[in-house]
Structure formats: C-alpha cells, structure tokens
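So the working numbering is basically just the index in the sequence shown, starting at one, shifted up by 580.
In this text, a Cβ means the ideal position worked out from N, Cα and C, and glycines have one as well.
Keep in mind that this is a model prediction, so the values were computed, not measured.
Read the structure below first, then the notes.
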Amino acid sequence: MMKKIIAVLIPIIFFAGAFSCGGGKSIKDKEPNSFSLDEKYDKAAPAKGRAKGVAAIFDNDKALARDRALNDARNKLVEQVLGSTVSGRSLMKNFELVSTLVEAKSYGLVKNERIVDERADADMYTVEIEGTVEPAIVEDAIKDALNRYGRPKFIVLVNESFEGRPSMPGYTATETIMQDIMGNLGFEFVDAQTTKKLMKNERSKMQMAMAGDISDDVRRLLLDSVGAEVVISGVVTTDDQTSILKKQFKDIDMKSKRASVTLKAVDVYTARILGTKAVAAGGVDISGQVASQKAVENALKRKDALGSEKNNPGKFIDDIVRKFVESATHRQINVLITGLDYSGLKKFRNQVENRIRGVQQVLDKGRVGRAARLEVYFAGTTNEFLDELKAKADKLGFVIEVPENFPNRAAIQAKLIENK
C-alpha cells in the first residue's frame, strides 16, 4: 500500500510543478556573467609579466606618488596575467569588481617583484615592474573582499496573501523561508521581532522603505537603528489549483497551490535598485497552508531566484552582491566637520582627497553654522575611512576627533597643526 501511495505522489508533485511553471524554458546551471560567493576557477600555474603604473604627484610628495604608481602597476599586472588565459578571464572580471577595495601590496598578489624602470616628471610618477601572479592568491583576495563588502545585512518586508488571507511584514511565512535559504549562504537579517516593532511604531517610514523610497529619515532608521543595508521587499500570493489536480487524480486527498513571488532589493545607502525578480511555482501537501508554503519555497529556490545550493546562490542573490560591491567601491560618506576656517577646510579637503587611500573625491556642500558639510566618496566603509584619517591625521597637519559616526555619516572635530 505504501509503495502505491509513493508511486502516486511523485507524478502529482511533478505535475504541480510543471503546471505552475507553465512549462517554460529551463534555466541554465550557470549564467555566462553570473557570480558566485564560492566560485571555483581552473587552477592555473603562476605566470610572469610586466606592467606600468602611473600616479599624480601631489604637493611635491614623490614618495606617495611612487607608492601609488607601484600599486597601479601591480593591479594592471594582475589583470594582464589573468586576461591571458581562458580560465583567468572569469577571475579577472571579479578582480576588476573589487580591485579598488583590494590593496595589491597588502594582499601579496604579485610575487618576485622587480622594478624595471621608474621616473618622475613635474606632475606624474611612472613605475614599470616585473613579477609573478598566482591565480589562487588572487582568488583568495577576491573572496576576502566579498566577505567584507558583499554580505550586507538584510531586512525582508513582504506582503503575503495565502488565498486571500493577508499577513503583514514581520509575520509572514515567506520571510522565514527566505531567511532560512539565505542564512545558509551566510547572510544576516534584522530579526522578525524587530521588524514587527518597526512596522508598528514607524509604519509610514517602513511603507516608504517597502516602496524603495529611501529618504534620509528612512535611511537613518534602517542603517543607524537596526543596521539594515539592503531592503528586500515584495508581494507573495498563492491560489488554489486542487481542482485541476483532481481532474488528473480523482481520488487523491491532497491540496495543490500555486505561488507567485515578486521581489525587489534596494541598497539603503544609495537607494539604488540592486535586483528584481518575479517567479512562480507549485506545491502539494495534505494541508492547504503547508502546500502554500511549499509553493513559495519552490519558487524561491529556483536558480534564477535565491537558489537552493549552499555555495551556489541564485541569480537574484548574485545580482544583489555584485551591485552592492560596486556601490561599496564608491560609497558616499556625509561628513559634518567643525574647527576649521575657510583656508583650513580647503587644506583638509585637498589632503584627504590626495593622501587618504581609497578616497576618490571630496565635495564641499556648504556650511551649517560653524560646521561645514562634506561629501566624501570612498572605496570601503565609513569606519575604514575614519581609521585611515585618524592614522594619518598628524602627517596631514591636523588633530582629528570623531565624537559621532554611523554607517554612512560622521561628525569630525578638526584642529589645524601650525607649521605643518
């Protein structure tokens, strides 16, 4: 009797899945440009090469320019060597993604390094190096950068309706399923209890977050209060397809449900949309509620959604990670600085822009009373920027104190050191 039940259940489950997915085209195991947190590359032997790096000379500081030219040459050598082989080209794409976050010198990406030529003119320093690149070491550096910058903390906000019975964010089965799947990939989440409290006490701001409208108030609520860096919002509905199932299997006492899942991921720092996805799948169980949950889980585990393999996330997650890391290479940090007059502030901007590793641009956004507002664009986190700033403050000619800092902003008290 048990064998007969199993024999009947297998085609039922297959039928429910095939019907709900509409018999669409199959999804390839690996998209051409997809990206994995644990991607393995063909092991290639170390390769030797030459590359030339350049850097601008700021404030007649040739030592600083030389250091930056060397690092530029190292990064170019890594890309050059990786790009020379088929197995290395995929690795090179991911290195290009994180190269502004990875210091080639500190990671030791170039071995047996030798300076072939170096020279300085009035404005530029040029260095040519020769060295060996080991793809395995580059891969480790990429993984380290991804672990530090590509694993944001999520808050999941899903409006769920199982056959017309609604559940609000913080109370949905979908959120639990998503956190279970993504938790296996190492991602962190704002817990359900906190989400419920936010939905109760900050409903209007949370509704804005669900719509992808990340105002300053919403950003401060999510980043500063609960540390949420990415919002995944969505709508999930299920409907009954048991009648269709019973046309095929008249005497079966099972429920069949179809789930439709629509998701959107938004970067809280920038309000940039990191990914969108709409998927559907079926689920079968003796309980209608459980059948709905299984349908949602089957939809989320599709390879174009969250995926189901621990070390091989789905394309939706790949898109989020890649774009979040891209954003981390050019992160806006809002700085409120006090203690400097106009000339002191000008010196501070120039020194930070040209001497702090990872800083790409510093913009003056005006004054608020005695404080000046700056926008600093930096490859990395706010804490990393502040650590670099405090470590180099004396050489820059300032005494620096940081009385307050948050994930995307900081208050700085600065004092100009005379005769520096």
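Do the CB positions of residue i and residue j come within less than 8 Å of each other?
i	j	result
residue 638	residue 934	yes
residue 735	residue 802	yes
residue 678	residue 722	yes
residue 874	residue 883	no
residue 707	residue 649	yes
residue 730	residue 901	yes
residue 973	residue 680	no
residue 806	residue 770	yes
residue 931	residue 976	yes
residue 627	residue 664	yes
residue 797	residue 743	no
If you draw a straight line from the alpha carbon of residue i to that of residue j, how long is it in whole angstroms?
i	j	result
residue 747	residue 876	14 Å
residue 673	residue 920	43 Å
residue 617	residue 951	For residue 617, the pLDDT reaches just 42, beneath the cut-off of 50, and the residue's location in the model is therefore unreliable, leaving the point undetermined.
residue 733	residue 653	34 Å
residue 824	residue 957	57 Å
residue 816	residue 757	12 Å
residue 775	residue 954	33 Å
residue 640	residue 968	21 Å
residue 646	residue 699	9 Å
residue 897	residue 768	13 Å
residue 651	residue 858	43 Å
residue 997	residue 761	53 Å
residue 970	residue 676	29 Å
residue 705	residue 690	20 Å
residue 701	residue 850	39 Å
residue 787	residue 999	54 Å
residue 948	residue 918	10 Å
residue 619	residue 661	The predicted model places residue 619 with a pLDDT of 44, which falls under 50 and marks its position as unreliable; any figure quoted below should be read in that light. The alpha-carbon atoms of residue 619 and residue 661 are separated by roughly 19 Å.
residue 785	residue 804	14 Å
residue 991	residue 910	20 Å
residue 924	residue 946	14 Å
residue 888	residue 899	16 Å
residue 693	residue 709	7 Å
residue 621	residue 720	Below a pLDDT of 50, predicted positions are generally treated as unreliable, and residue 621, at 43, falls in that range; the measurement from the model is reported next regardless. Distance between the alpha carbons of residue 621 and residue 720: 11 Å.
residue 799	residue 986	11 Å
residue 632	residue 941	24 Å
residue 697	residue 688	21 Å
residue 913	residue 943	11 Å
residue 715	residue 843	36 Å
Does DSSP put residue i in a helix, a strand or coil?
i	result
residue 879	helix
residue 865	strand
residue 995	strand
residue 834	coil
residue 816	strand
residue 715	helix
residue 754	helix
residue 909	coil
residue 699	strand
residue 707	strand
residue 528	Not covered by the structure: residue 528. The range shown for the chain is 581 to 1000.
residue 723	helix
residue 601	Only weak support exists for where residue 601 lies, its pLDDT of 41 falling under 50; the value from the coordinates is given anyway. The answer is helix: DSSP assigns residue 601 an H, G or I state.
residue 784	helix
residue 904	helix
residue 825	helix
residue 775	helix
residue 923	helix
residue 840	strand
residue 659	helix
residue 809	coil
residue 988	coil
Relative to the C-alpha of residue i, which candidate in the options has its C-alpha closest?
i	options	result
residue 753	908, 676, 870, 924	870
residue 916	984, 853, 939, 863	984
residue 852	862, 824, 908	908
residue 789	766, 994, 814	814
residue 657	967, 671, 955, 629	629
residue 885	860, 781, 986	860
residue 636	845, 703, 691	703
residue 559	715, 923, 966, 947	Since the first residue shown for the chain is 581 and the last is 1000, residue 559 is missing from the structure and cannot be characterised.
residue 845	763, 903, 978	903
residue 745	632, 627, 872, 827	872
residue 811	759, 711, 727	759
residue 937	925, 961, 710, 762	961
residue 833	633, 693, 924, 822	822
residue 725	906, 796, 880, 750	906
residue 777	659, 799, 791, 750	750
residue 964	710, 682, 796, 888	682
residue 922	856, 994, 795	994
residue 792	943, 829, 809	809
residue 980	943, 782, 928	928
Do the stretch 857-867 and the stretch 830-838 touch if we need at least three Cβ pairs shorter than 8 Å?
In short, these stretches touch, since the Cβ pair count reaches three.
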